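Taking mature numbering (1 follows the signal peptide of the UniProt record, and there is no 0), I'd label the letters of the sequence shown as residues -27 to -1, 1 to 191.
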Amino acid sequence: MGMSQKTRFTQSALAVAVALVSTQAWSAGFQLNEFSASGLGRAYSGEGAIADDAGNASRNPALIMMFDRPTMSAGAVFVDPGVNVSGTSPTGKSLKADNIAPTAWVPNFHFVAPINDQFGWGASITSNYGLATEYNDDYAAGSMGGKTDLTTANFNLSGAYRLDSNWSFGLGFDAVYAKAKIERYAGDLGQIVAGSGALPPALAGGGEDPGRHADRPS
């Protein structure tokens, strides 16, 4: 009995772990981490502890107290994704599509300034989500492809307080502006639905008056 319970628990834990990983992978499709050019150079490691430019304070506002003078950081990261799709639709049409994700610039701006030995403040403008995917209008899987475009701007205002030489505390507020565009096309959907018998592929009909109307599949 104990072995059976342990097995069920292991299977349940594995299922939860897979679900969490899958959710993160799906949601990360439009997630951006390019908030700092210097951070990109070190693969964004140690962002919560390193104070080499003002951009780090957007991740940990307590770092503001590690700057002894006003500091500004600005930059832009060029993103050139290479995404290609291949396959065949249920109707036999090709699903091949190359370079569906266009290039983009991801700008960033950061500023921090100490007020005195105990207080400081900072502000930043970054983007946490963005980029786009574009398929041709006649793409066979247009109902799932089409055009998707997401643009966001994250405005951050932070403050920090130094308790002593070992402890500093920070607090930040974020306001996010988002603009999204989604376009979808029928593609092969009409043929698939019609082929299933749910709808005839075409209709022809006529009517004599508003009270009588006749249709027939053709």
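Where a beta carbon is used, it is the ideal one built from N, C-alpha and C, also for glycine.
Source: prediction; values computed, not measured.
>> Quick check: what's the CA-CA separation for residue 124 versus residue 146?
In response: 20 Å
>> With distance defined between alpha-carbon atoms, name the residue in 49, 140, 112, 6 nearest to residue 61.
In response: Selected option, being the one with the closest Cα: 112.
> Among residues of its own chain, excluding the 5 on either side of residue 68, which ones have a beta-carbon nearer than 8 Å to its beta-carbon?
Replying inline: 58, 59, 60, 61, 62, 112, 113, 114
> Whole beta strand (DSSP E) runs in the segment 132 to 163 with 3 or more residues, listed along the chain?
Replying inline: 141 to 156
>> Among 159, 94, 97, 102, whose alpha-carbon lies nearest the alpha-carbon of residue 109?
In response: It is 159.
>> Give me the residue from 81, 91, 65 with the minimum Cα distance to residue 38.
In response: 91
> On the premise that residue 31 lies in contact with residue 83, defined as a C-beta separation below 8 Å, what is that separation, rounded to the nearest angstrom?
Replying inline: 6 Å
> To the nearest angstrom, how far is it from the Cα of residue 36 to the Cα of residue 86?
Replying inline: 11 Å
> So, helix, strand or coil for residue 181, using DSSP?
Replying inline: Low per-residue confidence applies at residue 181: pLDDT is 43, beneath 50, and the placement is therefore not dependable, though the value from the model is reported in the following sentence. Residue state, collapsed to three classes: strand.
> What's the gap between the Cα of residue 54 and the Cα of residue 136?
Replying inline: 45 Å
> For residue 63, which of helix, strand or coil comes out of DSSP?
Replying inline: DSSP places residue 63 in the coil class of the three-state scheme, outside both helix and strand.
> Is residue -2 buried or exposed, if buried means 16 or more other CB atoms sit within 10 Å of its CB?
Replying inline: The predicted position of residue -2 is uncertain, since its pLDDT is 41 and thus under 50; no value can be drawn from it.
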